[in-house]
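So the working numbering is basically just the index in the sequence shown, starting at one, shifted up by 7.
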Amino acid sequence: YAGIGPGAHGRRDGMATVRRKKPENWLARVDANGHGIELEDALSPESRAQEALLMGLRLNEGVDLARIAAMSGLPVDHLVDRDAVLRLVDQGLMRQTSEQLRVTEAGMLLLDAILAEIVAV
């Protein structure tokens, strides 16, 4: 996601970015450099995978674990705790088809707890 404007944070192309917070400092940076970025750091493969899981599981369509594995370079079985996922599927809080994983409507009410339980990276 792109972070634009004073104080914005973004994640794109494996990089984490932070913009200047004060609008006047941000604008001065934009005038001088063409952007307001204050910090830019490369994300580790684990961080990239974790953020993709945390953001993607908030969406109705969920995540494609194979796609996250390809993007991060990590094996699929290192992304989530499979036992926890199976238990949550049995409880009706998650659905899994092949490598597609999503949280059910009932699970959305407990999303933060589910994420803490299943995200392995």
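Built from N, CA and C at the ideal position, the CB exists for glycine as well.
Assigned with DSSP and collapsed to three states, residue 58 falls in helix. Cβ-Cβ separation between residue 126 and residue 50: approximately 15 Å, too far for a contact (criterion under 8 Å). Residue 14 has its alpha-carbon roughly 7 Å from the corresponding atom of residue 25. Under the DSSP definition of a beta bridge, residue 46 partners with 25. Cβ-Cβ distances below 6 Å link residue 32 to nothing in the same chain once the five nearest sequence neighbours on each side are left out. Annotated three-state conformation of residue 71 is strand, per DSSP. Residue pairing for residue 16: DSSP places it in a beta bridge opposite 25. Among the bridge pairs identified by DSSP, residue 110 is matched with 101.
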